[in-house]
Amino acid sequence: MKALEFDRKTVRYAAAAVTSRFQPGSGARTGPLELVDTEPKELPGPGWHRVTTRLAGICGSDLATVDGRSARYFEPWISFPFIPGHEVVGVLDDGTRVVLEPVLGHKARGFAPPFADAAPGDGNDYRHLVSGNLEPGIQTGYCASTGGGWASEFIAHESQLHPIPDTLSDEAAVMVEPAAVGIHAALRRPIEEGATVAIIGAGTMGLVTVAAVRQLTKAGRIVVGAKHPEQKSLATDLGADEVVDPDGIGRAVRRATGTFFIGDDLSGGADVVIDAVGSASSIDESIGLTRPRGVVVLVGMPGRASVDFTALWHRETELVGAYTYGTETLADGSKRTSFSLAIELVQSAKLDRLVSATYPLEQYQEALEHAANAGRRGAVKVCFDLR
């Protein structure tokens, strides 16, 4: 089968890290990602299925890996060589069309789940991610045993697979996984009725989070910082009340909350700030935009960052990570999985329109360069098309 394979090649990884500083996405040409012919993965046991890929998205964590910018933290949690791709819609052998919930949870690895009806991402101990009947891997797409969506086929456990309705196009279905991440970020801490929410960044993660906050919470005013015209238009259409250039978000939050600046920070600020960028500067800015005793939710993937936490300490701000998805608690106290909510959100918010371009695997270098420069090129989500 055809697959894009990422192997542990230190010299080429270092080369990708150097070249990508000057041209984002260039790690696809200089790094350890190669188009290969490889054997299909073996099924580890009962409950496992072969999935033929239809569309597979390219996300920020994929780009960080290809461009040599991923955090060293993850090295013990993954296994090589791996086939990337965790935003996937595919087809089972019996013709059922499914989306993948990529976390390789307890059931996939042969352990009892932490509670009845637990989602793969639930639990308070991650030891199963590096043990059981599979090689280490936090998700499909980072595990040598399973393969990933950047291939003509991969394997997945039944606990990871969600049938999707015929009314959902492949372009809509491939947005279910990122929508689930946005939902998890929106619900990671309760957003009170009428709360002011600021969202930094309007790439895929920022935009799906706007939709989730607007449709799944009773937030009041939503303020978004976005760089590019297409991002601004989509953020407004998905529910933002005010969309401004990134350097204007502080003034927008000040107006929305009736506070004022003290130095670079606000005297009050937004009740909740969701950082969909994950850089040192965006984390620092998020803390400064949040009211005392407010919450910063970090959904953008950070690496090593030098951040002054004096304001966090002084303002007693809560800094919360939002990694993937799991079982969510809604405002009425009911519980739903992120993925069940995401399938509904993709339809109601028409998130298929975020899919801007598709490429065959053979054009992976062009695809990854496009994805790395999506915003300035008027795009949001770039995918591999294996139909």
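In case it helps, the working numbering puts the sequence shown at residues 10 to 396.
For glycine and all other residues, C-beta sits at the position ideal for the given N, C-alpha and C.
Note that the structure is predicted; figures quoted are calculated from it, not measured.
Whole-angstrom distance between residue j and residue i, CA atom to CA atom
i	j	result
R81	H137	20 Å
V233	I208	5 Å
I173	F163	18 Å
L109	D134	22 Å
P369	A37	14 Å
D361	A189	14 Å
E77	Y22	Residue identity differs from the one stated: residue 77 is Gly in this sequence, not Glu. Taking the straight line joining both Cα atoms gives about 5 Å.
G229	K390	28 Å
G40	T28	9 Å
A117	N142	8 Å
V316	V107	41 Å
P311	D256	20 Å
D102	W57	12 Å
D175	E353	13 Å
E180	T205	32 Å
I67	V75	11 Å
V100	V262	45 Å
E51	R59	9 Å
L72	R345	30 Å
E327	V304	5 Å
T155	T149	6 Å
A221	A160	30 Å
Strand pairing of residue i, partner residues [DSSP]
i	result
T299	A279
Q148	V112
G234	I209 and V253
D293	DSSP output for D293 lists no bridge partner at all.
F270	L275
D394	L64
P172	V107
Inter-residue CB distance, residue i and residue j (contact presumed, cutoff 8 Å)
i	j	result
V306	A194	5 Å
S295	V282	4 Å
E96	V183	6 Å
A65	F393	5 Å
G384	Q240	6 Å
R197	V329	6 Å
G146	S88	6 Å
Segment limits, alpha helix (DSSP H) that includes residue i
i	result
E43	That residue, E43, is in no alpha helix (DSSP H); its beta strand (DSSP E) goes L42 to D46.
A117	Segment: none, A117 is in no alpha helix (DSSP H) and carries neither H nor E.
G69	G69 to V75
W322	T319 to R324
S400	As displayed, the chain neither begins before 10 nor continues past 396, which places residue 400 out of reach and without an answer.
L216	T213 to L225
E84	Premise fails: E84 is in no alpha helix (DSSP H) and is neither H nor E.
H193	V185 to L196
E51	Here E51 belongs to no alpha helix (DSSP H), and DSSP marks it neither H nor E.
Residue i - containing beta strand (DSSP E), residue span
i	result
E337	T336 to T338
E96	Counting along the chain, E96 falls outside any beta strand (DSSP E), and DSSP gives it neither H nor E.
E162	E162 to H166
A65	W57 to G66
L13	K11 to F15
A346	It is worth fixing the name first, because residue 346 is Thr in this sequence and not Ala. Element bounds for T346: K344 to T346.
Proximity test, residue i beta-carbon vs the ligand FAD heavy atom, cut-off 7 Å
i	result
A25	Among the ligands in the structure shown, none appear at all, so the ligand FAD cannot be discussed.
Answer yes if the segment 271-290 comes into contact with the segment 203-223, meaning at least three C-beta pairs across the two stretches below 8 Å, and no otherwise. yes
Please determine if the segment 11-21 and the segment 34-45 are in contact, where contact requires at least 3 C-beta pairs separated by less than 8 Å. yes
Is the segment 122-131 touching the segment 322-341, taking contact as three or more C-beta pairs under 8 Å? yes
Quick one: any contact between the segment 247-254 and the segment 270-281, if contact means 3 or more CB pairs under 8 Å? no
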